[in-house]
Every structure is written in structure tokens, then in C-alpha cells.
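Sequential numbering of the sequence shown, starting at 1177, is according to my numbering. All C-beta atoms in this analysis are idealised placements derived from N, C-alpha and C, irrespective of residue type, glycine included.
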Amino acid sequence: MAATLDYDALLAPDLPPPAPVWKGFPPYNFIGGNVDAASMPVEDMIAATATALRREGATLATYGLESGPLGYRPLREFVAAKLRKRSGLAVSPDNVLITSGSNQGLDLVNEIFLRPGDTVLVEQFCYGSALARLRRLGVRPVGVPLDGDGMRMDLLAEKLAALASEGVKPKFIYVIPTIQNPGGSIMPEARRAELLGLSAEYGVPVFEDECYADLLWTGERPPAIAALDDGNRVIHCGSFSKTVAPALRVGYIVAESGLIARMLACKHDGGTGALEQMMLAEYCRTHFDAHVDRVTAILKQKLDAMTAALEEHFGTAAEFVAPEGGIYLWVAFPETVDAMKLAAASAGAGIAINPGPEWSADAAPARSRIRLCFGNPTVGEIREGVKRLAEICHREFGIPLRSGNIERA
Ligand SMILES: Cc1ncc(COP(=O)(O)O)c(C=O)c1O
């Protein structure tokens, strides 16, 4: 009998390591961008799908329905209306490209701008998957430190000047200005204007990721950077993953027509899933605002449960700034805590956390930080999971000083 085929000898040499085998979610799941299961609007989604299918189900017969490759037109119209209302951004539906999750938006922007050896400026602590994408392309992410108002413009100016003196022109500046991931900051309007000024001075575009911008406790926020832009300097992206459901895989990119056409030429998936787009357009038209209000109220309760549990079980050993929205808490421990080791030890005990170094342009500043997602676990799981995490952290690093409840001074 012939030997079985050796695929390893045939596979491309520069592949990432194989994905691990899926073993189900851990009991205390504080990773990823998962959202609240109990608030999934299942009945309304069923009704919206049925309405859309009865009305125009026959259009599924052609790629892109009858809307063309940019995506289902009623959904692009909803995105344009939502952006005008919530982000102060006036755009035509013709400048909205529906993507298969905003991650595909990141891939398309990367594809049209980046080649190995290029440089991209990012927030020092930044969306881990965006960093991983850049590194996989052989692109150098250069981190700019943040403060409570997001990326620091004085340090961005320094970095741009230093790179220019080396003859390096970064391809773009990637920012998450409204509920930053992982830190949760909201960049004030004046700083957004400064960023546009630096973009103009150095001729470097801004890539604005507003993945979490609709999940605000108060609803108050400055206009999107794209809304303040009068020089075609900003590419904007967003998503329905955090407001409605990540498994739908629907996001969007907003840019001027020439760039959209470039991205479209690289979007090889034959179109983003049509049923999801039809359902979302139908559902969001009448339910989006009320749904987002309901979801943010639940998320705020979960955040409160998480901060209370951290205070109870870690005391002053856990430092954080409670965000004004979103689904993450960015926690700093004393420097004796090695977050990579803590993540490995807690994974063994059924607690999944994101270690800071994976969310950082340079690992060292995030050595003792972790990101906790409070979107998907229940309040009970948050309380118990944080308690168990404190026990593990105490066992591994002696921090908090003693496990169990921290006595109040
Ligand atoms: C900042 C940011 N951008 C983009 C994404 C990608 O989201 P999706 O592809 O589900 O729209 C995420 C997901 O967590 C994110 O945090």
C-alpha cells in the first residue's frame, strides 16, 4: 500500500502554527469579544429574517442580491443613518462597504496599504488581533503610549518626527478612539483634531476603528475622527459584532470611493453572507436603538460586578479605570505578576483571561496586565471567576497578599 500523503512537505513554509483543537468554552470565559447571550433578540431576529425573505428572498439567486458588491443596500443605508446619528459622520451608502466582520475590514485595509517591512503606528496597548495581523504580514507595529484620553499626541508627534528622520513614512495610524481596546478610553474632540493635524503634516492617513463606539453608558461621545476630517485622511470601520452578535460576521468600512474600489478588488469572498445582512437591515431599522440601550444597561451591571469582585478579592493589587462603555476591563497588577504565566495557570483551572503582552505593541509594558471581558459571562460567573483568579494569582505570585476576601482598612 502506498504511504499516506505528507502534507507538511507541501504546505507553504511561512504558515502560522496550526489552530488548537476546539475543546469548548471554559467555565469562566473572560476572553475574546463575546457578548451577552441572554439579551440576544432571537424572536425579533426570526421575525426580521422572515419578513426580509418573504419580501425579497428571490434575490438570493444572484451574488450580491440586487445591491452589487458593496453589500445589501438597505443595510448600507442603515449604517449611514446610524453613523450620522451616533458618530456625527455624514456619509453616502455608496461609501459604505459591508465586510465579513470588521476583521475583514482590517484585512482589506492592510492588503491595499501594506507590504513586508512597512511600519504602522498603533496605540501601545492595542487590539491583539490587529497586532497579530500586522506581524504576520511582516509589518512593524510601532506603539505610541496612551493616557486616560487615548493615544498621546505629543508622543505621536515625537514618533512621527523620529521615523521621518530615519526616512520612514508609516503607512497609517491605527486608533480605536471611542472605547479603546483594551484600555476603554475615549479620545476627546480636541485630541482628535490634533491627530488630524499630525496626519496632515506628515501625510499619513488615520485608520479609525469604532468597533465599540455604540456601547456607551451615557451615549455621550465626541464625533468620529472621520467626521472631523476635511481632507480625506480617515478610513473608518465598525461592526455589528458587539452591538448585535459576533457570530453574524457583519462589519463595515467607510472610505472615499477610490479606496473602496481598491478594497473591493481585494474582497474575494463573493459577498458577505446575505441572510445576515438582510436580517440586520430589517431588525436594526426598528430595533437597534432600543436593543443597544438594553444591552448597555446589562453590560454596565456586569462591569460593576467585575470591579466589585476585583476590589473584594484583589484589593489594591488590581488597578484599573472603569471604562465608560464596551466589554473589557484592563487590569494592572504589581510587577511581580507575570501575566503570561497567570493566563497559563488560570487556563488550567477553567478561567480564560487575555494576557497583556498579547495586547501590546511591545510586551514589556504590559507584562503584569490582563484584559478581562465581562460581555459574555453571567454576573455569577464573574464573581466566582474573579475570586478563583485571585486564589490562583496568590498561589503563583503571592498577590494579592492573602487569598480570599481582602479586609478593608
Ligand atoms: C478593536 C476591534 N476591531 C475589530 C474587531 C473585529 O471584530 P469583528 O470582526 O467581529 O467585527 C474587534 C474584535 O474584538 C476589535 O476589538
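Which residue wins for smallest C-alpha separation from residue i, given the options the options?
{"i": "residue 1372", "options": "1362, 1384, 1440", "result": "1384"}
{"i": "residue 1422", "options": "1353, 1404, 1452, 1432", "result": "1452"}
{"i": "residue 1416", "options": "1284, 1556, 1275, 1312", "result": "1275"}
{"i": "residue 1340", "options": "1349, 1378, 1536", "result": "1378"}
{"i": "residue 1502", "options": "1487, 1476, 1336", "result": "1476"}
{"i": "residue 1478", "options": "1268, 1561, 1217", "result": "1561"}
{"i": "residue 1529", "options": "1546, 1536, 1517", "result": "1546"}
{"i": "residue 1492", "options": "1449, 1566, 1351, 1329", "result": "1566"}
{"i": "residue 1490", "options": "1188, 1337, 1559", "result": "1559"}
{"i": "residue 1440", "options": "1459, 1272, 1401", "result": "1272"}
{"i": "residue 1597", "options": "1334, 1335, 1222, 1296", "result": "Here the chain covers residues 1177 to 1585 and nothing more, so residue 1597 does not appear."}
{"i": "residue 1485", "options": "1399, 1336, 1556", "result": "1556"}
{"i": "residue 1514", "options": "1574, 1401, 1456, 1213", "result": "1574"}
{"i": "residue 1326", "options": "1300, 1305, 1246, 1338", "result": "1300"}
{"i": "residue 1401", "options": "1252, 1367, 1426, 1393", "result": "1367"}
{"i": "residue 1287", "options": "1524, 1444, 1356, 1398", "result": "1444"}
{"i": "residue 1380", "options": "1474, 1335, 1386, 1356", "result": "1335"}
{"i": "residue 1280", "options": "1218, 1365, 1426", "result": "1426"}
{"i": "residue 1533", "options": "1523, 1524, 1544, 1525", "result": "1544"}
{"i": "residue 1564", "options": "1521, 1362, 1246, 1471", "result": "1521"}
{"i": "residue 1406", "options": "1471, 1483, 1369", "result": "1369"}
{"i": "residue 1253", "options": "1480, 1430, 1467", "result": "1430"}
{"i": "residue 1386", "options": "1481, 1258, 1292", "result": "1258"}
{"i": "residue 1375", "options": "1329, 1496, 1342, 1418", "result": "1329"}
{"i": "residue 1442", "options": "1234, 1193, 1467, 1284", "result": "1284"}
{"i": "residue 1539", "options": "1516, 1524, 1548", "result": "1516"}
{"i": "residue 1535", "options": "1237, 1309, 1179, 1246", "result": "1309"}
{"i": "residue 1277", "options": "1188, 1448, 1314", "result": "1448"}
{"i": "residue 1222", "options": "1458, 1404, 1242, 1246", "result": "1458"}
{"i": "residue 1635", "options": "1313, 1305, 1307", "result": "Lying before the first or after the last residue shown, residue 1635 is absent from the chain, which here runs from 1177 to 1585."}
{"i": "residue 1600", "options": "1395, 1319, 1487, 1467", "result": "With the chain covering 1177 to 1585 only, the question about residue 1600 has no answer from this structure."}
{"i": "residue 1498", "options": "1537, 1357, 1464", "result": "1357"}
{"i": "residue 1251", "options": "1266, 1263, 1270", "result": "1270"}
{"i": "residue 1518", "options": "1572, 1465, 1266, 1260", "result": "1572"}
In the DSSP assignment, find the unbroken alpha helix (DSSP H) run with residue i in it and report its ends.
{"i": "residue 1211", "result": "Note, residue 1211: premise wrong, no alpha helix (DSSP H); not H, not E."}
{"i": "residue 1559", "result": "1555-1573"}
{"i": "residue 1218", "result": "1218-1232"}
{"i": "residue 1287", "result": "1278-1289"}
{"i": "residue 1181", "result": "Residue 1181 -> no alpha helix (DSSP H), and no H or E assigned at all."}
{"i": "residue 1414", "result": "Residue 1414 -> not in any alpha helix (DSSP H); beta strand (DSSP E) instead, spanning 1410-1415."}
{"i": "residue 1429", "result": "Where residue 1429 is concerned, there is no enclosing alpha helix (DSSP H), although the beta strand (DSSP E) it sits in stretches over 1427-1430."}
{"i": "residue 1523", "result": "1515-1524"}
{"i": "residue 1258", "result": "1249-1263"}
{"i": "residue 1401", "result": "1401-1404"}
{"i": "residue 1433", "result": "1433-1442"}
At which residues does the beta strand (DSSP E) containing residue i begin and terminate?
{"i": "residue 1548", "result": "1545-1549"}
{"i": "residue 1274", "result": "1272-1275"}
{"i": "residue 1299", "result": "1295-1299"}
{"i": "residue 1508", "result": "1504-1508"}
Pop quiz: residue i and residue j are said to be a contact at Cβ under 8 Å. What is the actual Cβ separation, rounded to whole angstroms?
{"i": "residue 1454", "j": "residue 1239", "result": "Contact flag wrong, Cβ pair sits at about 14 Å."}
{"i": "residue 1303", "j": "residue 1352", "result": "6 Å"}
{"i": "residue 1456", "j": "residue 1420", "result": "7 Å"}
{"i": "residue 1347", "j": "residue 1290", "result": "6 Å"}
{"i": "residue 1166", "j": "residue 1362", "result": "This structure does not reach residue 1166, given that the chain is present from 1177 up to 1585, and the question cannot be answered."}
{"i": "residue 1472", "j": "residue 1393", "result": "6 Å"}
{"i": "residue 1359", "j": "residue 1506", "result": "5 Å"}
{"i": "residue 1137", "j": "residue 1365", "result": "Nothing can be reported for residue 1137: it is not among the residues displayed for the chain, which extend from 1177 to 1585."}
Considering only heavy atoms of ligand 3, does any lie closer than 7 Å to the CB of residue i?
{"i": "residue 1445", "result": "Ligands in the displayed structure: ligand 1; ligand 3 is not one of them."}
Looking at the C-beta of residue i, does it have a partner C-beta in chain C at a distance below 8 Å?
{"i": "residue 1307", "result": "Protein chains in the displayed structure number just one, and chain C is not present."}
### Task
Can you check the region 1311-1395 for any alpha helix (DSSP H) of at least 4 residues that lies completely inside it and give the ranges in chain order?
As far as the region 1311-1395 is concerned, its whole alpha helix (DSSP H) runs of at least 4 residues are 1329-1341, 1365-1378.
### Message
Please give me, in chain order, every unbroken run of the alpha helix (DSSP H) with length at least 4 that falls completely inside the region 1446-1479.
### Response
none
### Message
For the pair the region 1552-1560 and the region 1506-1519, tell me if three or more CB-CB distances fall below 8 Å.
### Response
no
### Message
For the region 1514-1531 against the region 1204-1224, do three or more pairs of beta-carbon atoms, one drawn from each stretch, fall closer than 8 Å, so that the two count as touching?
### Response
yes
### Query
How do the region 1217-1230 and the region 1429-1436 stand: do at least 3 beta-carbon pairs fall below 8 Å, yes or no?
no
### Message
I want to know whether the region 1403-1415 touches the region 1187-1204 - three or more CB-CB distances under 8 Å.
### Response
no
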